[in-house]
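Numbering (the numbering used here), first residue to last: 134 to 406.
Just so you know, even glycine gets a beta-carbon here, dropped at the ideal spot from N, CA and C.
Note that the structure is a prediction, hence the values are computed from the model and not measured.
Down below is the structure, laid out as structure tokens.
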């Protein structure tokens, strides 16, 4: 949950404090925000007891917003800004639908969502657009996390290959192909001993967490693996323990779907123990 200090941001007290603060600031534009809050606490019985600590944080989040006097629109915009800034854990449920996210909200958060009209039975176009934006934010955040974990795994594989090449006495460095061409069908080009010269070895790097080996493979990666076998290898890093599992093309082959009729697979999920 988004917080200002130790106080949650998404409460009705904070939202109504934001409304009062925006209204007062519009009437007295020369006042600093702390002075406006002090005046509201002293001069307005109706607005004296709002959570202005959190309201001030919300005010900064929506300072450039032009919702005017439309309180529902202001609440929608404010909640989105909190999601965008704080990335509450329940944001990841947004792509799964409103009901899934609703079940994860606290009572205070639920009140804010309802006051913003985000759970109306028949959503307006604006409400639908709001939910789509939150879902996109969640997907972007997940993609960023996956990319970071993938890069970490690739760095681990590069370190393993450098040590292996040194052990074999191969005076070459592995190449980090993924940062140059993400569509090559493999992530790292390394080498292994050959009869005369070192032989090129291609490595596709994956990362996963939990007790199962679980990763996605694209049809492009698999076609490259088949064409390059037996000099193609999968590095599967089990996180966060950084344990490496090395799989050959023949290890993975029994778990790859087949193209049939007019159907062609693009991505496959492989799960192994």
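| query | result |
| --- | --- |
| Quick check on the burial criterion: 16 or more other C-beta atoms within 10 angstroms. Buried or exposed for residue 189? | buried |
| Which residues in the same chain as residue 134 place their Cβ atom closer than 6 Å to its Cβ, once the five residues preceding and following it in sequence are excluded? | For residue 134, the predicted structure reports a pLDDT of 46, less than 50, and the residue's modelled location is therefore unreliable. A value from the coordinates is still provided. Excluding positions up to five away in sequence, the list reads 141 and 221. |
| Below 8 Å, can you find three or more Cβ-Cβ pairs linking the segment 283-299 to the segment 359-372? | yes |
| Pick from 143, 147 and 374: whose alpha carbon is nearest that of residue 282? | 374 |
| Could you tell me which whole alpha helix (DSSP H) segments of length 4 or greater appear in the segment 302-388? | 352-361 and 382-385 |
| Three or more C-beta pairs under 8 Å: does that hold for the segment 165-172 against the segment 226-240? | no |
| So, under 8 Å CB-CB, residue 321 and residue 336 are touching, yes? Tell me the CB distance rounded to an integer number of Å. | 4 Å |
| Quick check: what's the CA-CA separation for residue 361 versus residue 248? | 59 Å |
| Which word fits residue 392, buried or exposed, when buried means at least 16 other C-beta atoms lie within 10 angstroms of its C-beta? | exposed |
| By Cβ distance, which residues of its chain are closer than 8 Å to residue 160, with the 5 residues on each side in sequence left out? | none |
| Opposite residue 401 in the DSSP bridges: which residues? | 350 |
| Going along the chain, which residues of its own chain have a beta-carbon closer than 8 Å to the beta-carbon of residue 212, five neighbours each way excluded? | 143, 245, 246, 249 and 251 |
| If we cut at 7 Å on Cβ distances, does residue 300 have a partner in chain B? | Note that chain B does not occur in the displayed structure, where there is just one protein chain. |
| Within this structure, are the beta carbons of residue 318 and residue 354 separated by less than 7 Å? | yes |
| With a cut-off of 8 Å on the beta carbons, I'd call residue 382 and residue 403 a contact; round off their distance for me. | No, residue 382 and residue 403 are not in contact; Cβ-Cβ is about 12 Å, not under 8 Å. |
| Sort out for me which residues DSSP pairs residue 393 with in a bridge. | 396 |
| Smallest Cα separation from residue 155: which of 191, 223, 179 and 145? | 191 |
| So, under 8 Å CB-CB, residue 227 and residue 264 are touching, yes? Tell me the CB distance rounded to an integer number of Å. | 7 Å |
| For residue 197, does the three-state DSSP call read helix, strand or coil? | coil |
| For residue 149, which residues from the same chain have a beta carbon less than 7 Å from its beta carbon, with the 5 sequence-adjacent residues on both sides left out? | 183 |
| Are the beta-carbon atoms of residue 187 and residue 158 separated by less than 7 Å? | no |
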